[in-house]
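Peer 1: Let me begin by handing over the structure; questions about it come next.
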Amino acid sequence: MAKPILRIGSRKNTRSGSRKNVRRIPKGVIHVQASFNNTLVTVTDVRGRVISWSSAGTCGFRGTRRGTPFAAQTAAGNAIRGVVDQGMQRAEVMIKGPGLGRDAALRAIRRSDSKRLYYGRFILSPLMKGQADTIGIAMRRALLGELEGTCITRAKSEKIPHEYSTIVGIQESVHEILMNLKEIVLRSNLYGTRNALICVQGPGYITARDIILPPAVEIVDNTQHIASLTEPIDLSIGLKIERNRGYSLKMSNNFEDRSYPIDAVFMPVENANHSIHSYGNGNEKQEILFLEIWTNGSLTPKEALHQASRNLINLFIPFLHVEEETFYLENNQHQVTLPLFSFS
Numbered sequence: 001m002a003k004p005i006l007r008i009g010s011r012k013n014t015r016s017g018s019r020k021n022v023r024r025i026p027k028g029v030i031h032v033q034a035s036f037n038n039t040l041v042t043v044t045d046v047r048g049r050v051i052s053w054s055s056a057g058t059c060g061f062r063g064t065r066r067g068t069p070f071a072a073q074t075a076a077g078n079a080i081r082g083v084v085d086q087g088m089q090r091a092e093v094m095i096k097g098p099g100l101g102r103d104a105a106l107r108a109i110r111r112s113d114s115k116r117l118y119y120g121r122f123i124l125s126p127l128m129k130g131q132a133d134t135i136g137i138a139m140r141r142a143l144l145g146e147l148e149g150t151c152i153t154r155a156k157s158e159k160i161p162h163e164y165s166t167i168v169g170i171q172e173s174v175h176e177i178l179m180n181l182k183e184i185v186l187r188s189n190l191y192g193t194r195n196a197l198i199c200v201q202g203p204g205y206i207t208a209r210d211i212i213l214p215p216a217v218e219i220v221d222n223t224q225h226i227a228s229l230t231e232p233i234d235l236s237i238g239l240k241i242e243r244n245r246g247y248s249l250k251m252s253n254n255f256e257d258r259s260y261p262i263d264a265v266f267m268p269v270e271n272a273n274h275s276i277h278s279y280g281n282g283n284e285k286q287e288i289l290f291l292e293i294w295t296n297g298s299l300t301p302k303e304a305l306h307q308a309s310r311n312l313i314n315l316f317i318p319f320l321h322v323e324e325e326t327f328y329l330e331n332n333q334h335q336v337t338l339p340l341f342s343f344s
């Protein structure tokens with residue numbers, strides 16, 4: 001079973017000169033084989049060569065514990081740690097087997113990026129019965145659908161004839177470079193459209209730190225890989241940065257002169273869950289709301305919670321300014337009072 005391409009964490013290598021000496025593998029394949037008594041996680045490059053592997057057994061789990069989700073999570077984490085120093089940031093995940101460790105291993109892979117994954121857990125209590133679910137559902141929808149984010153939405157270069165072409169001296173195809181640009185996480189409060197620029201000379205590796213950004217725009221993870229220049233060539237890419245909410249899907253007829261749109265996901269919150277704990281006896285039962293938030297680093301979970309709460313409050317403000325007006329029915333003289341909402 002194939003899963004979508006996921007981002008893999010990265011570590012900064014502090015040794016001088018390691019940028020050209022270390023073999024870099026920006027893209028690979030993660031194979032998860034989950035049986036009822038073991039979980040094997042193998043990481044290969046796109047040609048199938050094994051880079052790193054781990055299993056529940058090699059992590060020290062014995063007997064029935066080898067088939068547990070926690071053992072699978074540990075094995076996936078160990079396998080990922082073996083490849084982050086080689087520059088792998090994107091991978092396709094292949095899952096086989098009916099074991100219990102399938103989902104746990106996938107979660108560990110998704111959350112392996114510490115620089116671009118923030119987690120927060122918030123508690124609200126006491127609440128009356130039913131209130132926790134009402135608040136939890138509303139907050140989850142506001143977190144996932146109402147918050148704004150900043151993304152790269154278009155790239156332009158004179159060296160790019162079309163999206164699915166290759167350029168001499170660049171290891172990645174144009175499509176792969178656009179996909180890497182899509183993964184760049186930006187932090188900003190700007191409104192409207194801004195321009196950015198990549199201007200580098202090979203050979204070497206292009207990462208997010210090579211992007212020349214406008215004021216008030218920051219990159220969450222400067223180590224994110226963009227392209228590998230294998231020859232002494234000059235590469236210049238113009239970028240368009242926008243702030244919006246939800247998704248922005250490129251259209252087939254939305255291609256300007258040597259300018260290519262990029263599918264943008266503006267949502268800073270990657271996941272949000274809520275759970276409820278009830279306590280008390282009889283009719284005096286009360287509830288505790290637990291709210292979990294995962295963000296991509298452009299917002300902290302606390303900032304996301306604050307913005308989502310403010311958006312919900314703004315939706316209810318019109319109800320606080322209700323005006324009453326009296327109407328009379330034509331066929332009888334009974335007075336009817338109807339509330340009118342003022343949105344001014």
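Sequential numbering of the sequence shown, starting at 1, is according to full-length UniProt numbering.
Glycine included, each C-beta is placed from N, C-alpha and C at the ideal position.
Bear in mind the structure is a predicted one, so any value in this text is a computation, not a measurement.
Run the proximity test for V174: is its beta-carbon closer than 6 Å to any non-hydrogen atom belonging to the ligand GDP?
Peer 2: This structure simply doesn't include the ligand GDP, nor any ligand for that matter.
Peer 1: Going by C-alpha to C-alpha distance, which of T42, G57 and I211 sits closest to V50?
Peer 2: T42
Peer 1: How about the segment 145 to 152 and the segment 305 to 322: do they share at least three Cβ pairs that are nearer than 8 Å?
Peer 2: yes
Peer 1: Answer yes or no: do R154 and S228 have a C-beta to C-beta separation smaller than 7 Å?
Peer 2: no
Peer 1: What residue does the beta strand (DSSP E) around residue 369 start on, and which one ends it?
Peer 2: Residue 369 is absent from the model: the chain starts at 1 and stops at 344.
Peer 1: Would you check if there are 3 or more beta carbon pairs closer than 8 Å linking the segment 192 to 207 to the segment 260 to 276?
Peer 2: No, because fewer than three Cβ pairs between the segment 192 to 207 and the segment 260 to 276 fall closer than 8 Å, the two stretches do not touch.
Peer 1: Could you check where the beta strand (DSSP E) with I276 kicks off and where it finishes?
Peer 2: V269 to Y279
Peer 1: Relative to the C-alpha of S35, which residue among A56, G28, R90 and S52 is closest?
Peer 2: Ranked by how close their Cα comes to the Cα of S35, the residues A56, G28, R90 and S52 have A56 in first place.
Peer 1: For Y247, which residues does DSSP report across the bridge?
Peer 2: V265
Peer 1: Taking the C-alpha atoms as reference points, what is the distance between I135 and V32?
Peer 2: 37 Å
Peer 1: Spell out the partners DSSP gives Q286 in its beta bridges.
Peer 2: DSSP lists M128 and Y279 as partners of Q286.
Peer 1: R121 and F319 look like a contact to me (Cβ under 8 Å); what is the Cβ gap, rounded to whole Å?
Peer 2: At roughly 31 Å, the Cβ-Cβ gap does not stay under 8 Å, so R121 and F319 are not in contact.
Peer 1: Are the CB atoms of I30 and V93 nearer to each other than 7 Å?
Peer 2: yes
Peer 1: How long is the line joining the alpha carbons of K129 and S275, rounded to whole angstroms?
Peer 2: Spanning the two alpha carbons is a distance of roughly 13 Å.
Peer 1: Of all the beta strand (DSSP E) runs that stay within the bounds of the segment 175 to 230, which reach a length of 3 or more residues?
Peer 2: Counting whole runs of 3 or more residues, the segment 175 to 230 contains the beta strand (DSSP E) stretches 186 to 188, 193 to 201, 204 to 207, 217 to 219 and 225 to 229.
Peer 1: Between I80 and E183, what straight-line distance do the alpha-carbon atoms span, to the nearest angstrom?
Peer 2: 18 Å
Peer 1: List the endpoints of the continuous alpha helix (DSSP H) containing K302.
Peer 2: P301 to F316
Peer 1: Do the segment 205 to 222 and the segment 285 to 303 meet, that is, are 3 or more Cβ pairs less than 8 Å apart?
Peer 2: A contact exists between the segment 205 to 222 and the segment 285 to 303.
Peer 1: Could you pull out every residue in the same chain whose Cβ sits closer than 7 Å to the Cβ of D45, ignoring the five residues on either side in sequence?
Peer 2: Setting aside the 5 residues that flank it on each side, D45 is surrounded in the same chain by I25, G28 and I51, each with a C-beta closer than 7 Å to its C-beta; the list follows chain order.
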